[in-house]
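The working numbering applies: residue 3 is where the sequence shown begins, and numbers increase by one.
Read through the structure below, which is laid out as structure tokens, and then see the notes.
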Amino acid sequence: MQAEIKGSTMPVLEVSLNQGDTIISTRGEFSWMTSNVTMSQTGGGSAHGGLLGGVKRAIGGGSVLITRFTVTQGQGLVAFAAKLPGHIAPVEVSPGHDWFVHHDGWVCGTEGVNPSAAPTTSFKGTLFGSEGFTLQKLAGQGTAWIELGGELINYDLNDGQELLVHPGHVAAFESTVTYTAHRLPGIVNRWAGGDGHWVASIKGPGKLWLQTMPVSILASDLQPYLTIQHTGN
């Protein structure tokens with residue numbers, strides 16, 4: 003199996019598969035593939051948490067079913083195109099080295115990757131639905147590819163180093179990073195209403211990736227231009 007990211011502002015991930023190779027996705031939204039690639043959907047089985055795992059994936063922004071792309075004979079190809087200008091990037095997942103990704107972020111992965119919803123015990127996740135802070139957890143063993151909107155900004159946080167980030171700009175971070183949420187008083191929050199602005203508190207150690215164009219903020223900014231006003235004749 004080989005993967006290549008092509009393009010610049012609207013990249014495409016092309017995955018070349020040998021006979022018997024499998025790539026998985028919860029979306030099932032491939033862009034193109036060769037005719038010798040077959041698609042199948044399952045609940046994921048025990049390797050991906052079964053029915054409970056499917057429910058957790060749905061909570062995290064994915065789908066209940068796992069889509070498997072497998073080559074039946076020869077060599078095949080599956081491609082996944084970015085939905086917004088930005089980046090597609092690989093992350094390596096291994097036992098004890100999980101990743102947390104924004105809810106639209108996971109594109110696909112090797113068969114050993116196990117996607118689910120991130121734990122919600124450390125923040126009130128329902129408060130962030132409109133701001134894109136519902137997170138997916140990528141665990142297991144293998145390579146996962148994630149999609150990030152706009153430019154990608156990397157930070158290697160030291161132990162105890164903290165950043166306060168608008169929830170929509172949080173793209174991905176390692177499981178060694180801790181995260182909580184709280185409201186900063188003093189300004190009106192246009193996304194949630196009322197006084198105070200919700201922020202994610204991200205604390206190291208670990209890698210943190212931020213995205214400059216969250217889809218939630220982009221949609222909010224475009225809304226006034228998409229509103230159609232009907233006038234009588």
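Glycine residues also receive a C-beta, built at the ideal position from the N, C-alpha and C atoms.
With residue i and residue j assumed to form a contact (beta carbons below 8 Å), what rounded beta-carbon distance in angstroms separates them?
i	j	result
Leu-140	Ala-173	Contact flag wrong, Cβ pair sits at about 13 Å.
Phe-82	Leu-137	Their Cβ separation, rounded to whole angstroms, is 20 Å, which puts Phe-82 and Leu-137 out of contact at 8 Å.
Thr-28	Pro-117	6 Å
Val-179	Gly-206	6 Å
Ile-296	Tyr-181	As shown, the chain starts at 3 and ends at 235. That puts residue 296 outside it, with no answer to give.
Val-115	Ile-26	7 Å
His-89	Leu-154	5 Å
What separation, rounded to the nearest whole angstrom, lies between the Cα atoms of residue i and residue j?
i	j	result
Gly-22	Leu-165	44 Å
His-168	Ala-202	6 Å
Asn-20	Asn-156	33 Å
Asn-38	Val-17	14 Å
Arg-70	Thr-214	31 Å
Leu-228	Leu-220	12 Å
Glu-31	Asp-106	12 Å
Ser-218	Gly-170	7 Å
Phe-130	Pro-216	Here Phe-130 scores only 45 on pLDDT, less than 50, and its place in the model is too uncertain to base an answer on.
Asp-223	Val-73	42 Å
Thr-40	Met-3	16 Å
Ser-124	Lys-8	Confidence is the limiting factor: at Ser-124 the pLDDT is only 43, short of 50, which leaves the residue's position unreliable and the question unanswerable from this model.
Met-12	Ala-91	13 Å
Glu-94	Thr-145	5 Å
Lys-85	Thr-24	23 Å
Pro-97	Ser-177	11 Å
Gly-62	Gly-78	Reliability of the predicted coordinates at Gly-62 is poor, the pLDDT of 45 falling under 50, and the value obtained from them is presented with this limitation in mind. If I take the Cα positions, the gap works out to 30 Å.
Would you kindly report the start and end of the unbroken alpha helix (DSSP H) that includes residue i?
i	result
Ser-218	217-228
Checking the sheet assignment: what are the DSSP bridge partners for residue i?
i	result
Ser-37	DSSP output for Ser-37 lists no bridge partner at all.
Phe-82	Leu-15
Ala-174	Val-103 and Trp-211
Pro-92	Trp-147
His-199	Leu-186
Val-115	Gly-142
Would you kindly report the start and end of the unbroken beta strand (DSSP E) that includes residue i?
i	result
Glu-149	144-151
Phe-71	68-73
Asn-160	Premise fails: Asn-160 is in no beta strand (DSSP E) and is neither H nor E.
Glu-6	4-8
Val-179	Neither: Val-179 is in no beta strand (DSSP E) and is coded neither H nor E.
Gly-24	Looking at the sequence shown, residue 24 is not Gly but Thr. Counting along the chain, the beta strand (DSSP E) containing Thr-24 begins and ends at 24-27.
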